[in-house]
Amino acid sequence: MKIQSVFLALAVLALGLSSCENKKADPVPETGSLSIEMEHVVGSSALKLNSSTTAFDYRTPSDEWFNVTTFRYYVSNIKLRRADGTEYAQPNSYYLVDAAMPATKVLELKDVPAGDYTGLSFLVGVDAPRNTTGAQEGVLAPGDMFWSWKSGYIFLKMEGYSPAAPGSKVLQFHIGGFEDPNNALRTISPALPSGVKLLVRPDHAPEIHMKADLMKLFVGPTTVKFGSFAIPHMPGANAMKIADNYAAGMFEIDHVHAN
Amino acid sequence: MRRTLLLPLAFGLAAVWMTGCAPDADMAPEQAVPGAVLPVNFPAPVYGPEQNPPTKEAFELGRSLFYDPRLSRDGTISCGSCHQQFVAFAHAGHTVSHGIEGRLGTRNAPPLQNLRWRRGFMWDGGPNHLEVIPLAPLTNPLEMDETLDNVLRKLNADLSYQQRFQVVFSKQPIDSYQLLKALAQFMAALTSANSRYDHFVRGEAGGTLTEPELRGRAVLVQQCASCHATDLFTDESFRNNGLDRSFAADSGRAHITGLAADQGKFKVPSLRNVALTAPYMHDGRFQTLRQVLDHYDHGVVESATLDPILRQPGGRLGLPLTPQEKNDLLAFLNTLTDAAFLTDKRLAEQR
Chain P
901 MKIQSVFLAL
911 AVLALGLSSC
921 ENKKADPVPE
931 TGSLSIEMEH
941 VVGSSALKLN
951 SSTTAFDYRT
961 PSDEWFNVTT
971 FRYYVSNIKL
981 RRADGTEYAQ
991 PNSYYLVDAA
1001 MPATKVLELK
1011 DVPAGDYTGL
1021 SFLVGVDAPR
1031 NTTGAQEGVL
1041 APGDMFWSWK
1051 SGYIFLKMEG
1061 YSPAAPGSKV
1071 LQFHIGGFED
1081 PNNALRTISP
1091 ALPSGVKLLV
1101 RPDHAPEIHM
1111 KADLMKLFVG
1121 PTTVKFGSFA
1131 IPHMPGANAM
1141 KIADNYAAGM
1151 FEIDHVHAN
Chain L
229 MRRTLLLPLA
239 FGLAAVWMTG
249 CAPDADMAPE
259 QAVPGAVLPV
269 NFPAPVYGPE
279 QNPPTKEAFE
289 LGRSLFYDPR
299 LSRDGTISCG
309 SCHQQFVAFA
319 HAGHTVSHGI
329 EGRLGTRNAP
339 PLQNLRWRRG
349 FMWDGGPNHL
359 EVIPLAPLTN
369 PLEMDETLDN
379 VLRKLNADLS
389 YQQRFQVVFS
399 KQPIDSYQLL
409 KALAQFMAAL
419 TSANSRYDHF
429 VRGEAGGTLT
439 EPELRGRAVL
449 VQQCASCHAT
459 DLFTDESFRN
469 NGLDRSFAAD
479 SGRAHITGLA
489 ADQGKFKVPS
499 LRNVALTAPY
509 MHDGRFQTLR
519 QVLDHYDHGV
529 VESATLDPIL
539 RQPGGRLGLP
549 LTPQEKNDLL
559 AFLNTLTDAA
569 FLTDKRLAEQ
579 R
């Protein structure tokens, strides 16, 4: 009886302990950090936010002029791939990039296990579990990237003006949807430059310079014409078409600083 | 002897360890927060107490927020304005409710009860979780027409709220996570499970049903319970119950899914406290329960998405009910009124 009780006490204590993570004193694996810097471009021009309704900065291949007032998107579930095919999945991996806020354009990954990484992938948007489990914190705190009337995150938001858009010339692309049949979650795996590896060490913090080309929202598998394409504000077929467009080539790694 | 000493010691130590990792407040004694004990005659909850462990301080904070008109843009409307306790947190006498500046919505304010067991909220299931549902009325221009940022500004400027949030969350400033968690504490506490019917099914004192009520229960089990299922009296599904032939005014569930097959479908409401929650249906078109029963008996109309349960062999629509059956059903539905819930002072606005 006594022994049983002691075991029970120890077991309960162990339970308490195991709920605290990473408190073991075992040899700490070496870690380093890595960053991804987003450079926003529109075709061959740099992205410049402009709220003019009369002067337009960019032109699509379909010859429609437009400008951009807002460009925001979630990057989540970043994974780094090793040559042997194994992966490091960053825990709690959520970033909200906002073209209007320079600090958000640098995605810092801390405590990455040291290693040679040969590839990376990420989701544009927010995975289904975080869309369905209630109140979230940090960059996932509900705000203007969350639909309140139909719970779910807006994965990517591009707003601006175009004389080609019907009515008030307003462009409002709000892309989201985490459930079939309107699942707009896309995994992006941009290739590293040939022969380049990401060497993460305690004293090496590689910096990936990624170009995100906003024009790719409108070209790719679907050619978007502002005058005729029903601009999506909710999950659906057209949101998935835009997602397919940006998955097909919006993000490209331009170069890597080995540091 | 030893054993009796060791066990509490073990749990005490464990509690110390656990709180070291989870700064959330301790579990309150169960009686301190209404609804913290789950009724034995209910199915498993969707939003179990472990997801937001009830505490007296958090519950009371949620209650203050629920009744605080500062959640609306012009400070005139609180959640409690359209969700009144004496009618099971529905809106008495309102076909549709008025938001700020008298703006009228398009749907009847549903009662708020047993929300721990809900899978999708509102008539169309748009909000998918108890913690995020306040965002919808808060930001809807026809309801509170406010932004989360503004609400947080107002709360953070209030010394009393600062202190009370600090007690519950040990963190400053007040953010949307804290706001939503606190509101969820109050909403989750709105448990109605002490009607005469509940006492009857649980074999408790005072649980006697009369002959007409028992007959009414039998009719319900036979005719209604495929949708108004379990002791929650809803299966949480979305169905077209034959109110209209077309749905231009309100497409219901299809507004959320975009599917033609969901046109005209709305959430099956619970029947708890139904005697008090008039008017009925998503647009509040029926004033009495008798009108509702008459609808099912002979008012159901044809449409492509009409629920198959409302198609009788031979092509007749609806659920045939004799006058006797209607009277018995009405008698039974009255046994679902839960006076303890409707008058629980802990759920009322504190003045």
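Residue numbers (this note's numbering), protein chains in the order written: chain P, 901 to 1159; chain L, 229 to 579. We put the CB at the ideal spot given by N, CA and C, even for glycine.
L/T571 carries a coil assignment under DSSP once its states are collapsed to helix, strand and coil.
Closest by C-alpha distance to L/L557, out of L/V520, L/Q578, L/I537 and L/V268, is L/V520. When Cβ-Cβ separations below 7 Å define contact, L/S454 makes no contact with chain P.
Of all residues in the region 1042-1061 of chain P, the ones placed with a Cβ closer than 8 Å to any Cβ belonging to chain L are P1042, G1043, F1046, S1048, W1049, K1050, S1051 and G1052, in chain order. At a cut-off of 7 Å, the C-beta of P/G1136 has a neighbouring C-beta in chain L. The region 986-997 of chain P and the region 1132-1140 of chain P do not touch, with fewer than 3 CB-CB distances between them shorter than 8 Å. Nearest in C-alpha terms to P/S945, of all of P/S933, P/Y958, P/L934 and P/T953, is P/Y958. Assigned with DSSP and collapsed to three states, P/Q1036 falls in coil, not helix or strand. Apart from the 5 residues on each side of it in sequence, P/D1154 sits with its Cβ closer than 6 Å to the Cβ of H1109 and K1111 in its chain, given in chain order. Linking P/D984 to P/G1019 through their CA atoms gives a straight-line distance of about 11 Å. With 16 or more other CB atoms across the displayed protein chains lying within 10 angstroms of its CB, L/H510 is buried. Rounded to the nearest whole angstrom, the C-alpha separation of P/Y1053 and L/R445 is 43 Å. Under the three-state reduction of DSSP, L/W345 is assigned to helix. Closest in alpha carbon position to P/R1101, among P/L934, P/M1134 and P/M938, is P/L934. The beta carbons of L/L504 and L/H456 sit no closer together than 7 Å. By the Cβ-count criterion, P/D1103 is exposed, with fewer than 16 other Cβ atoms from all chains shown falling within 10 Å of its own Cβ. For L/I361 and P/R1030, the gap between their C-alpha atoms comes out near 15 Å. For P/G1076, the uninterrupted beta strand (DSSP E) run begins and ends at V1070 to G1076, by DSSP. Per DSSP, P/P1013 is one residue of the beta strand (DSSP E) stretching across V1006 to P1013. Counting C-beta pairs closer than 8 Å gives three or more between the region 421-428 of chain L and the region 555-573 of chain L, which meets the contact rule. Out of L/T367, L/S388, L/D373 and L/P401, the CA that lies nearest to the CA of L/R381 is found in L/P401. Residue environment for L/H319: buried (at least 16 other C-beta atoms within 10 angstroms of its C-beta). Interface with chain L (7 Å Cβ-Cβ cutoff): P/E1152 is excluded.
Around the C-beta of L/S300, 16 or more other C-beta atoms lie within 10 Å, and the residue is accordingly described as buried.
Taken through DSSP and simplified to helix, strand or coil, L/S404 comes out as helix.
In the DSSP annotation of this structure, the continuous segment of the alpha helix (DSSP H) that includes L/V449 starts and ends at E439 to Q451. Taken in chain order, the members of the region 1060-1088 of chain P whose beta-carbon sits within less than 8 Å of a beta-carbon on chain L are N1082. By the CB criterion at 7 Å, L/L340 and L/L418 fall inside the cutoff. Residue pairing of P/T970 in beta bridges, as defined by DSSP: P/E1059. When rounded, the separation of the alpha-carbon atoms in P/H1157 and P/I936 is 10 Å. L/P262 counts as buried, since no fewer than 16 other beta carbons sit within 10 angstroms of its beta carbon. Scanning its chain for C-beta atoms nearer than 6 Å, with the 5 sequence neighbours on each side dropped, one finds around L/T304 the residues P297 and I328, in chain order. Using a CB distance cut-off of 7 Å, P/G1034 counts as an interface residue toward chain L. The beta-carbon of L/E374 is placed no less than 7 Å from the nearest beta-carbon of chain P. When DSSP states are grouped into helix, strand and coil, L/R298 belongs to the helix group.
With a threshold of 7 Å between beta carbons, L/G486 makes contact with chain P.
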